[in-house]
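Peer 1:
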DNA sequence: GAGTATGAAAACGGGACCGTAACGATTGCG
DNA sequence: CGCAATCGTTACGGTCCCGTTTTCATACTC
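Chains as they are written, first to last, in full-length UniProt numbering: chain A, 1 to 121; chain B, 1 to 121.
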């Protein structure tokens, strides 16, 4: 089955999950950085700076800086591509996987807490 | 029925919706500002600076600045409380309501696009 | 081997946000 | 009336992100 959300459910979930996530990760992770992180962990590798920039429609320095930030947090890891040493392959880390998993749990929890849609009573 | 999400569904939805939202609103709206906006439009009024700050666990200047930004965008409106002129009541606007509605549509659309969970497929 | 093309990072200037602290305006109390 | 408390805003110093441009290393082509 696909997921069928009512407007108040969708917005309520979004609000609750965003709020919970802010508490979890703090204000130090931009929406863009979050998207980049999720992309790395949800989409099949390999991931390169150029590829991510094109896929997410941002400039390359945005990716570079996001990798700096998240690399310092231990959420991702950079590895030189030995086939073509100009490329950088972005690798996942155990810490990052746990982090993403935590976000998933959080959304699931918020979804479960959702009240029925007000339209139906 | 409550909403029962599988991990890959939850993260996929989060990723897709965040990405779509970034394209919609641009990088000019912080996650905090978004939470504030949703709170104003989803929770029953009246909303004050102090109330929002306490409820969302941020400092008052964060609310003030968010109201500046979103006020310039026409998404919210400030009105002095005539009962107690120290207070500021945050009012909704037509433009803001449409904006929030758009976000809801976007999430619903992304939820509908979601594939079945990989565990069972 | 020289010259061009490509990938990522660094440099630069500008702008926004953050938390703390200080500031006016308003209220309530004695 | 004077004084403390409350509410929202502004000021300040710092940090981070952004897009553009430049730099550096590597790969490809002739």
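Just so you know, even glycine gets a beta-carbon here, dropped at the ideal spot from N, CA and C.
Under a Cβ-count criterion, where at least 16 other Cβ atoms within 10 Å of its own Cβ denotes burial, should residue 17 of chain A be classed as buried or exposed?
Peer 2: Classification of residue 17 of chain A: buried, given that the 10 Å Cβ count is 16 or more.
Peer 1: Step through the CB atoms of chain A and report whether any lies within less than 8 Å of the CB of residue 5 of chain B.
Peer 2: True, the Cβ-Cβ gap to chain A drops below 8 Å.
Peer 1: Taking C-beta to C-beta, are residue 35 of chain A and residue 67 of chain A nearer than 8 Å?
Peer 2: The answer is no: Cβ separation not under 8 Å.
Peer 1: If you follow the beta strand (DSSP E) that residue 76 of chain B is part of, which residue opens it and which one closes it?
Peer 2: From DSSP, the beta strand (DSSP E) with residue 76 of chain B extends over 76 to 80.
Peer 1: Consider the C-beta atom of residue 81 of chain A and the heavy atoms of the ligand SAH; say whether any pair is separated by less than 7 Å.
Peer 2: This structure lacks the ligand SAH, and indeed carries no ligand of any kind.
Peer 1: Taking buried to mean at least 16 other C-beta atoms within 10 Å of its own C-beta, is residue 48 of chain A buried or exposed?
Peer 2: Residue 48 of chain A should be labelled buried.
Peer 1: Return the chain-ordered list of same chain residues with a C-beta closer than 7 Å to the C-beta of residue 59 of chain B, the five sequence neighbours on each side being excluded.
Peer 2: Cβ neighbours of residue 59 of chain B beyond the five flanking positions: 53.
Peer 1: Can you find a C-beta in chain A that's less than 8 Å from the C-beta of residue 67 of chain B?
Peer 2: For residue 67 of chain B, the answer is no, since every Cβ of chain A falls outside 8 Å of its Cβ.
Peer 1: For residue 3 of chain B, which of helix, strand or coil comes out of DSSP?
Peer 2: Coil at residue 3 of chain B, not helix or strand.
Peer 1: Just to confirm my understanding: we take residue 93 of chain A, look at its own chain, exclude 5 residues before and 5 after, and list those with CB closer than 7 Å. What are they?
Peer 2: So the qualifying residues of the chain are 74, 75, 76, 77.
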